Every structure is written in C-alpha cells, then in structure tokens.
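Just so you know, the protein sequences line up as chains A and B, in that order. Mapping the first sequence onto the numbering used here, position 68 (from 1) lands on 1036, and the numbers just tick up by one. Mapping the second sequence onto the numbering used here, position 214 (from 1) lands on 1182, and the numbers just tick up by one. Idealized CB from N, CA, C, for every residue including glycine. Fair warning: this is a prediction, and the values are worked out from it, not measured in the lab.
2 protein chains.
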Amino acid sequence: MDATEDSLRKALAEKQSAVEAQGNAVRSLKAAKVAKAEIEAAIETLNALKLEKSSIERQLQAAVSGNGPDGSVNREAFRQAVVNTLERRLFYIPSFKIYRGVAGLYDYGPPGCAVKSNVLAFWRQHFVLEENMLEVDCPCVTPEVVLKASGHVDKFTDLMVKDEITGTCYRADHLLKDFFLDDLSAEELGAKIKEYGIVAPDTKNPLSDPYPFNLMFQTSIGPSGLSPGYMRPETAQGIFVNFKDLYYYNGNKLPFAAAQIGQAFRNEISPRQGLLRVREFTLAEIEHFVDPEDKSHPKYCEVADLEFLMFPREEQMSGQSAKRIRLGEAVSKGTVNNETLGYFIGRVYLFLTRLGIDKERLRFRQHLTNEMAHYAADCWDAEIECSYGWIECVGIADRSAYDLRAHTEKSGVPLVAHEKFSEPREVEELVIAPVKKELGLAFKGNQKMVVESLEAMNEKEAMEMKASLETKGEVEFYVCTLEKNVSIKKNMVTISKEKKKEHQRVFTPSVIEPSFGIGRIIYCLFEHSFYMRPSKAGDEQLNVFRFPPVVAPIKCTVFPLVQNQQYEEVAKVISKSLTAAGISHKIDITGTSIGKRYARTDELGVPFAITVDSSSSVTIRERDSKDQIRVNVEEAASVVKSATDGQSTWDDVWSNFPHHSSGSTED
Amino acid sequence: MDATEDSLRKALAEKQSAVEAQGNAVRSLKAAKVAKAEIEAAIETLNALKLEKSSIERQLQAAVSGNGPDGSVNREAFRQAVVNTLERRLFYIPSFKIYRGVAGLYDYGPPGCAVKSNVLAFWRQHFVLEENMLEVDCPCVTPEVVLKASGHVDKFTDLMVKDEITGTCYRADHLLKDFFLDDLSAEELGAKIKEYGIVAPDTKNPLSDPYPFNLMFQTSIGPSGLSPGYMRPETAQGIFVNFKDLYYYNGNKLPFAAAQIGQAFRNEISPRQGLLRVREFTLAEIEHFVDPEDKSHPKYCEVADLEFLMFPREEQMSGQSAKRIRLGEAVSKGTVNNETLGYFIGRVYLFLTRLGIDKERLRFRQHLTNEMAHYAADCWDAEIECSYGWIECVGIADRSAYDLRAHTEKSGVPLVAHEKFSEPREVEELVIAPVKKELGLAFKGNQKMVVESLEAMNEKEAMEMKASLETKGEVEFYVCTLEKNVSIKKNMVTISKEKKKEHQRVFTPSVIEPSFGIGRIIYCLFEHSFYMRPSKAGDEQLNVFRFPPVVAPIKCTVFPLVQNQQYEEVAKVISKSLTAAGISHKIDITGTSIGKRYARTDELGVPFAITVDSSSSVTIRERDSKDQIRVNVEEAASVVKSATDGQSTWDDVWSNFPHHSSGSTED
C-alpha cells in the first residue's frame, strides 16, 4: 500500500468514527425530544461529516483503482475488450435486441448459457451434493401475503424522483452520486436536491420530491384481479415457508440446509453496469437451519486452515485494508461470529476459486454494524474486484430467527424446532391467574380488557405486582386498551411461579444464509479469465478466456488439419466417442488455417483442441500453454475426459504422452 | 380392442365426418352471405352434430379407461395412492401451504427437485449435446411488442364467465363440459349457457356472457408504469428474436437447432389436475431451423427403424385406434410430413422411454386438420396415458415460416437465411415503373396513392395490365386507398420483365419445434414408475418407484446394519468415495429395522442400497429384484457408479459378484 493510500485510509477511518459519533448524538437528541432546531443543527453537522467522508472515499477509490485517471482509463479499455468479445461471441446478448431491447434484461447466448449451466452444475455438486442439502424448486409467482410477512411489500424500495414535466424517473441517489451521501432518508435527499439545485439531467426540468418505489414486479394471480402477486425478489422465502415440512423430511433433526436455484426479479429504476445490475437474474441460495445455542459445524475443521483476504469491520473502521487471515483464527477470535458461518465462508472461497476467480481479487468483507439488519448476528460479503470495482457477489449472513418468526406470526403456523431432553428438566413457569368473578364485579364491561392486560404482563411486571399486592394489598395498573389506570386488589389475581417438568425445548432455529448472485459471479469470472496475447506472426492481439475445464462452455474442439475426407472421417469417429463420454465439443471442418481456428476456440475458452493430421494418431493442444501431445485416435476422447472431469491435470497428461512440436501448424 | 370400443370408434368417425361436412357448409353459407336465418339453422344443425359426437366420445372414453365405472374407480384409487406417496415424501408440495396455498402453484420438494434436475440434465445430454444445439437462456419478463408480434397479446385467451352477483370467475367450457361442445365461439357458448339454463355452480346466480380472458400474467417494466410487459407464456419467442445472431453464430449455415429450458407462465382461470395444469411450469423447447426446400435430416436413418404407437389423422378420422408403425414407413408414406419432423419424433420416443415412460402408454397423435394452426405443415403430440387419460406432454410441430415472418414484419429486421449459388443464376424479375410526371398531371393530389397501387400489383395483375395497355392503350384500375377506379393510360406506366443475375437465394427458414412440458412428463413418469408390493411379513403394501438410475433422485443409500461405531465408520468411508464419484446418496444411521429402511428408500425410488454388515465387505441390494451381491468396501462406490451412469447394468453386476442371500435382513 503506497503512502497516499495509507494516509487516505487513516483519514477515512477518522471521518467514519466522527460520522458514527455524530449519528449517535443525533439519535440521543431525538430520543430526548429536545427542540427541533437543535436536532436539525446536529443533522446538518452529520451530513457535512458524511460529505467529507465521501470525498475521501472517492479519492481513495481513485488511488486504489490504478492511481488516478490513467488507471480508470485502463480499466475502461480492458472492460471494453472483454465486453466486445463477450457480445461478439454471443456469451450474452441484450434481450429482444431486434426490438431495440429492454434495459436490464440480457440473454445468455450459446457459450454463456453453457458457462452458466456448468457453474450451476458445479454449485450443485459443491454444495447440495457434498453437504446433503435439501434442494427445492418453488415458483416465481408469489402471493402478496408471503412478501408482506417477509417485509418486501413495505420495505423493498429505492427512492425515486420524477421529472415534473415529462414524468421521466430517476433513482434519487444516482442524481446525488457526486456528493457521496449515504443512508439519507427521503426527506434528507429531497432537501439536498433542493440545496444543490439538482434538476432532471436530460431536460433541466424541476424534480419531484423523492418517494419510495417498490422494486418488485407486480402482477395479479387468477382471473378476478383481486389477488395481487409479485415475481419473487429472492428465492429464500420459498424455503422459509416450507420449513416445517423440510424439518420433518430431515427426521425432525437440526442442523440441516435447504437450497434453491432459480430466477429472481427486481424492477430496477435505472439498470446499469451490464450484467451486474439487471432486472431478472439467477440466484442460488442456501438456508442452513441451526440451533441458536449450538452453531458448531462438524466439517468446520476441513476449512479452518484456509487463508485468504478478509476485511473485518475493525479493519474497515480503522482505515486498514483487507488482509490475509487464517479462517480458523478469525473464528476463534470471534471476528467471524460462529463456526457454521465460518464454514460457509470457507466453502464459498473454495467454490469461487475453483471456478477460476482470482484469489487476489476476492475478499470477504464484514458488514459494518449500520449496514446489517437489526436482527442479523453477523454478515460477510464475498466481494470480487472487477473493472467496476469491488462487487458483492455472495452474501453470507447469520439472520438469526428473523424469517421463521415473521412467517410464524403472519401464518399462525409455528415454524419451530424441538429438542427432546433425555430426561425431563424442571423449570419455573410464571402463572398469572386473574380471578374473573372479582374482576367482573369491579370492572363490569371492561373486565375482558383488564384480564387480557394482566395476562400480558412479562415476568418482571408480574413479580413487581405480586410484591406490591402482598405489601400494600392494592396497586395501580395501566390498561392500554382502556387508556387508563385501574386499581387491582389482592383478591383479583393470583401470581405465582410454578415448577414444571419439561420434556423438550421448543425454539425457533437460526438461519445462516449464503446467497449467490450467479450472473455477477459469471461476469467477474469473464473478466478474471480474459487475457490477450500476440498472434504467432505478432501482427494482432488474440483474445483468450482461461476458463478451467469445469466452467468451459465447450471442452474440446476437433479440427481436421486440412479439408479431406479421410481426416473428416477420423474427426467424426472421435466426435462420436466424445459424445458417448458426455463431453461437449464441436467439429470445425472449415478450411481456415489451423492457427485461425485455434484462435477462434481460444476466444471461447475451449481448453483442448484435437487436430487430426493422420488417421492413426492425432494431436491434443492445451489452450494456455499451447503445448501439444500426440495420442492414438482411440485414446483421444478418454484423455480429454480425464483432463476435463478432474481425474487428471494437463501436467499429468503432458508427462504421460509424447510431445508434439507445433511446427508451422499454429499459424 | 373389444366390440363396444370398435363400434364406438366407427360411430365416432362417422359423426366426425358429418361435423366436418356441416362445418364446411356453414363456412360456405357465410362466405356466400346468404340470409342470417339460413346460416343460423345450419349452425344449429352443426351444434347438434357436435353434441352427438361428444356423447359418443364420452362413451368411448369410459370404455377405454377400463370398461365403465369400475375402471375409473380403480384409476382414482391408483392416483390417490401415487399422490399420497408423492406428497408425503415431499416429491411436491402445494406452494405457500402455510398460507393456504395458491391454486396451480406447486413446489418440488427434495426428491422431486432431484428428479426434475435429472430429467433436465438428461434432456441436455440427449438433445443439446448429442445434436450440437445452440442453447440460450432468455428472461421471463417480456415486453409487449414481442408478444404482440407472436399473437399472444391478441389470441392467448380462454373464454370466461362471471357470476353476475359475486364476480367469481369460471372457464366457460368447464361449465359446459358435460355437453362436450368443442370449438365454440364466445357467442355460441353464451347462447348454449342461456339455452341450457346454466348458472354459477356455487351460488346459482346468473352468469355474464362469455368473454376472452388473456392467460398471460401482466406486469409493468421499469418505474414509469408506461411499458407493459408479460411473463412469457412459452420460451420459444426468445429464440425467434435471436435468429439472426444464432444463424451468424452457426456460420450462416442451415439447418441448426436452438434450445431453451426455462419457466413459463399461464394465469389459468381455474387450475386443476394437480401437476398437469398449473400456472407456472418448466418448458424445454427446441427450434430447429431448416431450408423449407430441404427437410431431410442427416441422422434420420438412426431412428427410421424404431416402431411404436402412432395415431395418424387418418386412423382417428376412420375410428381406428393408435397402432404400431415403423417410423420410416410413416415418413416414406408421407403420413409424417418430412424427415426432420420424423427424426424428432424418433428422438422424443427414445428420450421418454429412456426416462422410464412405459412405451405401451405412449403414443404419437397427429393433429387433425382443424386442430392445427393454419400455417403449420404438420403436428404430432407425444401423448402419455395416465390416470387422467391421454395427456399431451410434448408437441412436435412443423410451424413453417410463421414465427420468423411475424417478427420480421413487426421489428423490421429481416430474419432470413441466404443460400449462395455456386454460380450466379439468371432470373426474370417484374419491373413496374410508374411515370410520375404523367401520373401527376392526371391525378394531382392522388398521384401518390395511384403510384403505390401500381407498384403493389402482383405479377399476374401487372402482366394483364401490360397486355391491356398494349392492345387498348388504356385500362380501368381500382385504387383501394381511393376506393375508386381510375383510368391508366399507356404513357403512365412501363411494365416489363427483366433478366437478372442472382448470386443467392434469400428465404425465411421453416422451423420444426419440439416443445416439452417437463412437469407433465415428470407427473406421468411418477405414475408409470409407481407400484405396490407386499411386505415380507405380508401384513402391508409397500410403495415403490421403479425409476431408472438416470432419473432416481438419490442413486444409493448406505445403511449400517446395526447402530455401532465400527459400521458407521465404514459407512462414512463409503459415503466419501460416493461423493468423490459424484453419486448422490444418503446415509441412514437410524436404528430402525433394515427392512423398514429398505422400504423407506424404495418409496423414494432409490435404485441401490449398500448395507454395512462387516468392516471388510458390504452388500449391495437392487430395489426391484431385491437381489443382493457382496463386494469389498473399496469397490462399493465404483460398482454403484458403473450401474448408475450407464456403463453397466444390474445384470452385469449380478453376474460378476458373489450373491448374498438376504436371510432375515429384509424385515
């Protein structure tokens, strides 16, 4: 880290602390209900501090992304090279292009679709199969009640402003992005827009006040028009509502994990950054249900020794950068809240790096306290660095009991787990027994409200009442449904603690949720896999994707060296055996030079090429080294199979077969 | 076929012909614009014939489905047994059950989800990989313009009636289902509802007139509320709009096929029949683009000798039943329109039977002429018989150039293919050259309309005009935009045929579309795979799914015979090697009797069970035969792997390893 970056990080940390302190001050003032003017002054100070903090962040970002303007130009140029290749080779296509497209919707073309399906197959192998997860598949169409319970109907919003003349919509925070104002309320944002004199970018017309726009695609289920529904914004809710059945399926035992892969939808106000912020995307989510009192994990030891870039809250606050930490250390020190969370962080690291994500551009960043939902115990994002900066690609959160409780409450179906005790345990239980006859005499028509209020007392309140009744014989009691105090006498209620034998513990499990944005991972993988190298003649730059075999859209191409029937027959024989072995491949019988044909498949990230230059033996070329070996026709498919399904590496193959010098074939 | 069935089929065929003849009569009368009363009388006769036809159909259906009431009771009972097992073992779950569910939405629970993902993986292997198809992945959210072009916005409707008091909606044809009236218009259905005095089933209130209800889920794209969108009703449109790019990707060569797997949505008025008619479902669709002048297929010979149940139009019309036909014969006789269509019928047959669909309950039924869209060249449905009757599970249609033309017209982007001639060909081209000066003098402000009408003449019209002008010097010409005749003189237009050299042929490809309803196939597979057998003690009936390994949700279970640490350690070792081999499996260490544990996994359709009864060797049991072999611990995983991935069959395994007599272990 150079000197500028170092001092900027320190300055940022100081400012961050100042913002937090001032934020606390504002909250105290609000709680103390001091004069409005005083609160407003404190908020002004807070916003000024935020602005200063944002300015430092901007400088830091510029410094990190390659030391100023030059770096960002390079990033732009690199991104353009990648995106050009991706679009030209149909890795992805703007959807409905012949109708001028729709912002934020993309198709995966043939190689992109194959990469996606390989990533998902590997995800299933790495998580579902290896961890014995219960995979489910729920619909995208979701009735309102479910998303009301989850909070999405009320809170899944972005602040929007409208051009007051044309009605064009903008995301309020995008218009203010140069001012780096985080976490402002609608009112605060509105005030800033006025203060800075911000107008609609296209027309210079005045803007409306900011208001929340719900990001879910709304629809209507059934013909009546009376059942609102939404396209799910995440797949998780489908798992939560099935908790009871899944727990039963797992033999009523914890822990267990359920998983789901599927489409999710967000009606972004203004989609941007290509594949990174889109309106429809594939999520792969895991909900691991665990006893809140025991978050250990039996396979934790398998990942504890992994060491990789972590960026704990502490380091972010004190202006340091991400650093290599042994996962086991982070867990034992309590930086990572618990073993299960740690286990999944480790598994996510292995998943991403095995896909081909560069481990130097992958970090696990802990959420700051103010970033996390109030119920979350801890939360880490796997962030991958690409030309757009550090992108959140996987969120790994300990969401405690929040989701199951929310659905329990709304549905009335208890989503709980049971722990049977080997022997019954004695527990003390609070018993509040209102004497209805006396209460009826005293309160007549209000009796029911008084009874309910008495029964609703918590342990502390009840024990205080008991003490007061025993000493004074009478006590004033506020009945909120009556909005007044009533007088409770000793004969009106019995309060006691009774010993009881319990045979089991009933509790709401905690859920640890690793949630994968598949499209974002794939885009970052495209950038991390892309490189350019000069052609043999040195007259042009050739594009290559260095996808590992597990990800490569096609595993192998078959090229007859020249157009001739004999070679083409051999190519067909090899193709047949590749198909039988389940290896996706392509025959290219165009008469183009072999060098051009290699370049063409390098650009698709095909790891191996079989060139037919005789009818008994052929060459196999590896994409990145361009090394070639010579094998018999009959062996070709099995060599490619072993090198693509993980049984062996190219190094193994290289040491087992005679080498072939490419001679003049490469160009 | 018994006598009743035979005579019913004959009667049905006669009635069907009478209906067709009367239908033609009605059309002729309408075209001839005869008096309204006459048309109405003819329609009345037509409807009476339809009613008679439907009554025969009903009798026939009863006869076929197991000879009357008894048969249908058995079917109901069988279905209940299957569905109970499926729901109890969480193959599927009514979605959002804790909120009392939503009609027509289902979740796949763990085993169902695994079956589905296996079916899709096999589909990819069988079609995409083996045929080198271009797989794409397009969004579900679709802008209106695309579905306007495809016809869905205007025509993807069912007729609905409303309870006039409560507003409850019904599908009009469901209310009339006892009268078997097919293909009635909204007016005809409304008249029948009045005629038969049909009221709302729940309230007996009067019903509204029938009106079309669009079955697409509507939504709005972006924040403005001004861009209507729909959840796609099929995946095909995503492929058609990408034709140009995909054709280029394929080296501008025909034929090629594109494929897509994904969710589709239909907002059914009243979903029914469990998994068979749902509001969200997975489709797997192929669009094979081919030169309309050459629909041969290079791999056709590989399927030509397949023989299976086909039900050509002819046989349906003449009251026969489906019969075994060699595919090659159906194609060569022209029963199946072309080789490519025939090839896909054969591939679909192989796909379904390899999944485990019973070939005796699978037939390919050709659409009757009046069932097919006007543009379709030929269409066959793969129908699978289950307890609900014969269910359409795959549609295989030659849709000619319809879809590409529709999108060409709406988008203005030509979705065409080019055939380069090896040598330029001489063609005659019609040239119509209006002489604008003369036309301007003669028609002033109407000149433009006259010019356009002249240019729009087809070859026949133009050559007739040329002849008339040459003989008479003047001709009357109807200009439709002016709604009148004008007089065209010889000096106003030159019409000629010019010889031209063409270097290529430009044409719109035909598309052959196999479209798979994955959920329907899976449901039928569940029924075809289910059977019951007595427990060893004979005291209960046990459920079994005889899934082939490729489909089975879990390939193998591992059971320590008794609860003991030594056996559990061995089980873990085997589990590890199964995971490494990529075989989904489950360890069951409950102390339940081994017979009960076998029964439990038989009910999930797990093909193999490894029982650990020593630390050196174990037994492997096959589900359906209950035969057991003995293998060394180290070999267990590889034996299961070879028997599940198709390298070997259980018969091979059985002949290669020592047999184990189950003794008392089974119960």
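The beta strand (DSSP E) that contains residue 1250 of chain B, what's its start and end?
That run of the beta strand (DSSP E) goes 1248 to 1258.
Determine, for residue 1379 of chain B, whether the minimum Cβ-Cβ distance to residues of chain A falls below 7 angstroms.
At least one chain A Cβ lies under 7 angstroms of residue 1379 of chain B.
At the 7 angstroms Cβ level, is residue 1552 of chain B part of the contact set with chain A, yes or no?
Residue 1552 of chain B counts as touching chain A.
Do you know how far the Cα of residue 1406 of chain A is from the Cα of residue 1008 of chain A?
The straight-line gap from Cα to Cα measures roughly 53 angstroms.
Count Cβ pairs between the stretch 1377 to 1388 of chain A and the stretch 1465 to 1472 of chain A that sit closer than 8 angstroms; are there 3 or more?
The stretch 1377 to 1388 of chain A, when compared against the stretch 1465 to 1472 of chain A, does touch it at the 8 angstroms Cβ threshold.
Any idea which residues DSSP pairs residue 1277 of chain A with across the strands?
In DSSP, residue 1277 of chain A forms a bridge with A:1292.
Give me the DSSP bridge partner(s) of residue 1618 of chain B.
DSSP lists no partner for residue 1618 of chain B.
Measure from the C-beta of residue 984 of chain A to each C-beta in chain B and report whether the shortest distance is under 7 angstroms.
No, no contact with chain B.
I believe residue 991 of chain A touches residue 1014 of chain A by the beta-carbon criterion, under 8 angstroms. Please report the beta-carbon distance rounded to the nearest angstrom.
Right, their Cβ atoms sit about 6 angstroms apart.
Return the chain-ordered ranges of every beta strand (DSSP E) run that is complete within the stretch 1184 to 1252 of chain B and spans a minimum of 3 residues.
You should have 1186 to 1188, 1196 to 1199 and 1224 to 1233.
Chain B beta carbons: is any one of them nearer than 7 angstroms to that of residue 1296 of chain A?
By this cut-off, residue 1296 of chain A is not an interface position.
So with Cβ pairs under 7 angstroms, would you call residue 1314 of chain B a contact of chain A?
No, residue 1314 of chain B does not count as interfacial toward chain A.
Alpha carbon to alpha carbon, what distance is there between residue 1225 of chain A and residue 1102 of chain A?
Going by the C-alpha atoms only, they are around 6 angstroms apart.
Return the CA-CA distance between residue 1261 of chain A and residue 1191 of chain B, expressed in angstroms with no decimal places.
Approximately 44 angstroms, taken between the alpha carbons.
If contacts are defined as beta-carbon pairs under 8 angstroms, then residue 1551 of chain B and residue 1608 of chain B qualify, I think. What distance do you get, rounded to the angstrom?
Going by Cβ atoms, the distance from residue 1551 of chain B to residue 1608 of chain B rounds to 6 angstroms, so yes, they are a contact pair.
Roughly how far, in whole angstroms, is the beta-carbon of residue 1565 of chain A from the beta-carbon of residue 1585 of chain A, given that I think they are within contact range, below 8 angstroms?
So it is not a contact: roughly 19 angstroms between Cβ atoms.
Using a Cβ-Cβ cut-off of less than 8 angstroms, give me the residues of the stretch 1211 to 1223 of chain B that come near chain A, in sequence order.
So the close ones are 1212, 1213, 1214, 1217 and 1219.
At which residues does the beta strand (DSSP E) containing residue 1639 of chain A begin and terminate?
The structure shown does not extend to residue 1639 of chain A, since chain A is modelled only from 969 through 1635, so no value can be given for it.
Quick one: which residues of the stretch 1557 to 1575 of chain B get their C-beta closer than 9 angstroms to a C-beta of chain A? List them in chain order.
Within the stretch 1557 to 1575 of chain B, the residues whose Cβ lies closer than 9 angstroms to some Cβ of chain A are 1558, listed in chain order.
Would you mind working out which of A:1476, A:1237 and A:1369 sits nearest residue 1141 of chain A, comparing C-alpha positions?
Minimum Cα distance to residue 1141 of chain A is reached at A:1237.
At the level of alpha carbons, what is the spacing between residue 1439 of chain A and residue 1346 of chain A?
Their Cα atoms are separated by approximately 47 angstroms.
If you follow the alpha helix (DSSP H) that residue 1370 of chain A is in, where does it begin and where does it stop?
Element bounds for residue 1370 of chain A: 1370 to 1379.
Pick out whichever of B:989, B:1291, B:1107 and B:1533 has its Cα sitting closest to the Cα of residue 1247 of chain A.
Considering only alpha carbons, the answer is B:1107.
Whose C-alpha, out of B:1051, B:1514 and B:1028, is nearest the C-alpha of residue 1060 of chain B?
Comparing Cα positions, the closest option is B:1051.
Over the uninterrupted alpha helix (DSSP H) stretch that includes residue 1551 of chain A, give me the two end residues.
Here residue 1551 of chain A belongs to no alpha helix (DSSP H), and DSSP marks it neither H nor E.
Count the CB pairs spanning the stretch 1250 to 1259 of chain A and the stretch 1198 to 1213 of chain A that are closer than 8 angstroms, and state whether there are at least three.
Output reads yes: the stretch 1198 to 1213 of chain A touches the stretch 1250 to 1259 of chain A.
For residue 1616 of chain B, decide whether its Cβ has a neighbour in chain A, counting only Cβ atoms nearer than 7 angstroms.
Residue 1616 of chain B does not count as touching chain A.
Helix, strand or coil for residue 1531 of chain A, going by three-state DSSP, please let me know.
DSSP places residue 1531 of chain A in coil when its eight states are reduced to three.
With a floor of 4 residues, list each alpha helix (DSSP H) that falls wholly inside the stretch 994 to 1074 of chain B, ordered by position along the chain.
Listed in chain order, they are 1004 to 1032 and 1037 to 1056.
What's the call for residue 1350 of chain B, buried or exposed, on a 16-neighbour Cβ count within 10 Å?
Label assigned to residue 1350 of chain B: buried.
Could you check where the alpha helix (DSSP H) with residue 1310 of chain B kicks off and where it finishes?
1307 to 1323 is the extent of the alpha helix (DSSP H) around residue 1310 of chain B.
Let me see if you follow: with CB-CB separation under 7 angstroms, is residue 1064 of chain B close to chain A or not?
Cβ-Cβ to chain A under 7 angstroms: yes for residue 1064 of chain B.
Does any C-beta atom of chain A lie closer than 7 angstroms to the C-beta of residue 1034 of chain B?
Legend: pLDDT at residue 1034 of chain B = 49, less than 50; position of this residue unreliable, value from coordinates given subsequently. It does not; no Cβ of chain A falls within 7 angstroms.
From the DSSP output, in three-state form, read off residue 1515 of chain A for me.
In the structure shown, residue 1515 of chain A sits in coil (DSSP, three-state: anything other than H, G, I, E or B).
From this set, A:1549, A:1580, A:1543 and A:1600, which residue's C-alpha is nearest residue 1532 of chain A's C-alpha?
For residue 1532 of chain A, the nearest C-alpha among the options comes from A:1580.
Kindly give me the distance between the Cβ atoms of residue 1230 of chain B and residue 1251 of chain B, rounded to whole angstroms, as I take these residues to be in contact under 8 angstroms.
That belief holds up - the Cβ atoms of residue 1230 of chain B and residue 1251 of chain B are roughly 7 angstroms apart, short of 8 angstroms.
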